[in-house]
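Q:
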Amino acid sequence: MPINKCLVCNKVSISTLSDVLFKKPICSSCFEKFKVILEKSSLEGKELLCLYKYEGIGKDLLYQFKGENDIKLKEVFTYMFQKFLKNKYKGYVFYCAPSSLKSDQKRGFNHVEEIALTLSKRVYKPFFKKVDWKQSDKKGKERERIEDVIGFDGRNDKKVVLIDDVMTTGSTLKSCLRHLSTNIDCKVLVIFKNCR
């Protein structure tokens, strides 16, 4: 009989064939602790979808993933919506919002890229930070300076999903969107919305 182990609570359970085939990384009990919002709105005229509120277990697990380099947790953030998201973004290329190169090198991976790879093999990092600048360390108006910090390599796909792990003010995503051609079909996916 196949067994499954939750990456969050480590509880072992008897798996259904579906759990085994699709490598269920989180048990239902742990997933229920996430603050699911599935909020659809717009950002700079582009469709925006936010999956969760940035609080509680979700916030803690994202820190464990990014801050403690627990790469196996990448599966947890999209698993329950994978089928829906893969279908919704079929034929799209994923562009990752930029991350601090220094942080990526320290942890050994780009966290946004790893999450995106759970949804598609067509994942790119065309945006970059011109200087080492961490927006989460900034306050209010200072955060808006991100516009001057983000560069773009000129990649030009026709159907794009811009993905980021956390959105607070939307400044990073807005800056990325301004780099893209207005002639493309672009959607925005945010894993966590910081509802301050």
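So in the numbering used here, spot 63 of the sequence shown is number 55, and the numbers just go up one at a time.
Heads up, the beta-carbon is just placed ideally off N, CA and C, and yes, glycines get one too.
Model, not experiment: these values are computed from the prediction.
#1: Hey, how far is the Cα of P90 from the Cα of F119?
#2: Ordered along the chain, which non-local residues of its own chain (more than five positions away) have a Cβ less than 7 Å from that of H103?
#3: Enumerated in chain order, which unbroken segments of the beta strand (DSSP E) with a length of 3 residues or greater are wholly contained in the stretch 0 to 86?
#4: Quick check: the stretch 47 to 55 against the stretch 74 to 87, are at least 3 beta-carbon pairs closer than 8 Å?
#5: Who pairs with N(-4) in a beta bridge, going by DSSP?
#6: Helix, strand or coil, according to DSSP, for V152 in the structure here?
#7: Tell me which residues share the same chain as L191 and place their Cβ nearer than 6 Å to its Cβ, disregarding the 5 neighbours each side in the sequence.
#8: On the DSSP bridge assignment, give the partners of F119 in chain order.
#9: Applying the criterion that 16 or more other CB atoms from any shown protein chain within 10 Å of the CB defines a buried residue, is T174 buried or exposed?
#10: Give me, in chain order, the residues of the same chain whose beta-carbon lies closer than 6 Å to that of I176; leave out the 5 immediate sequence neighbours on both sides.
#11: Return the bridge partner residues of F184 from the DSSP annotation.
A: In short:
#1: 5 Å
#2: F57, K58, S91, D157
#3: 4 to 6, 28 to 35, 38 to 45
#4: no
#5: S5
#6: strand
#7: Given a span of -7 to 188 for the chain in the structure shown, any question on residue 191 remains unanswerable.
#8: F144
#9: If you draw a 10 Å sphere on the C-beta of T174, you find fewer than 16 other C-beta atoms in it, and that means exposed.
#10: The residues K150, V152, in chain order, have a CB closer than 6 Å to that of I176 in the same chain once the five nearest residues on each side in sequence are set aside.
#11: F184 pairs with Y44, V158.
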